[in-house]
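Numbered by UniProt numbering, the letters in the sequence shown go through residues 1 to 171 in order. Even for Gly, the Cβ is constructed at its ideal location relative to N, Cα and C. Bear in mind that the values here come from a model prediction, so they are computed numbers and not experimental data. What follows is a set of notes on a single structure, which appears directly below.
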Amino acid sequence: MLQLRCTGKIQKEFKLKPSELSEILEPDSTLGNWYINISIIDRRKTLLFMNEKTLLSFIVYGIKKSNIGHIHEIFLKSLGQLLLIEGVNFTVINKLNNEYCNLEYTKTNSKNLLGNMNDLMHLYKHFIYSNGGFKHCDLDEIIKKTNRIPKKNIAWSDSINLTKKSLPSKK
């Protein structure tokens with residue numbers, strides 16, 4: 001099961017009532033649960049997804065109200081694309097998709113992770129704007145670069161290598 005830990009901005013954007021938020025559970029999947037936040041970058045609504053264990057992150061831009069009902073599919077497709085770009089085997093990606101077949105929304109539960117998420121959002125904004133905005137930047141390269149930056153909360157490791165170590169080998 002996938003639990004998306006929603007910031008206040010996401011709860012407001014998705015019109016999630018407190019009664020619609022699930023209880024926070026221990027993750028039962030390989031990578032665990034994810035945090036989600038929203039920001040405006042280059043005049044477009046942009047979602048930031050960040051893994052709570054490895055701090056692996058990616059962004060999806062151009063989100064509209066009509067997309068909100070499809071967040072689960074958007075997440076799975078974007079995560080799969082990121083992992084394929086990083087050389088993860090398709091069989092492993094399918095296993096993750098099966099683990100994440102159900103979606104629940106919860107509140108956030110870690111100020112440290114929210115701090116990491118804010119730092120990542122600033123990094124993404126910087127890289128996108130310094131490369132001329134979404135129209136001119138190579139978003140895949142920006143996401144790859146961001147996931148290779150060492151982070152203190154994960155013992156100065158980088159997110160992509162920590163994620164690859166967490167994944168099962170091909171079977």
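For K165, there is no enclosing beta strand (DSSP E); the enclosing alpha helix (DSSP H) has its first and last residue at 159 to 166. Residue nearest to D28 within the set R44, F58, K95 is K95 (criterion: CA-CA distance). Between the region 105 to 121 and the region 49 to 64 there are three or more C-beta pairs closer than 8 Å, enough to call the two in contact. Here E141 carries a helix assignment [DSSP, helix/strand/coil].
With fewer than 16 other Cβ atoms from the protein chains shown falling within 10 Å of its own Cβ, F90 counts as exposed. Check the Cα spacing between G133 and each of G32, D42, K152: the tightest is with D42.
Here DSSP, grouped into helix, strand and coil, assigns V92 to helix. Here N147 is not near M50, since their CB atoms are 8 Å or more apart.
Residue burial annotation: I149 is exposed, with fewer than 16 other C-beta atoms found within 10 angstroms of its C-beta. For I143, the CB contacts under 6 Å within the same chain, skipping 5 residues up- and downstream, are F58 in chain order.
Taking C-beta atoms as the reference points, E73 and S22 fail to come closer than 8 Å. Annotation: the continuous beta strand (DSSP E) that includes L103 extends over 103 to 107. Contact between G80 and N97 holds, since their C-beta atoms are separated by about 7 Å, short of 8 Å.
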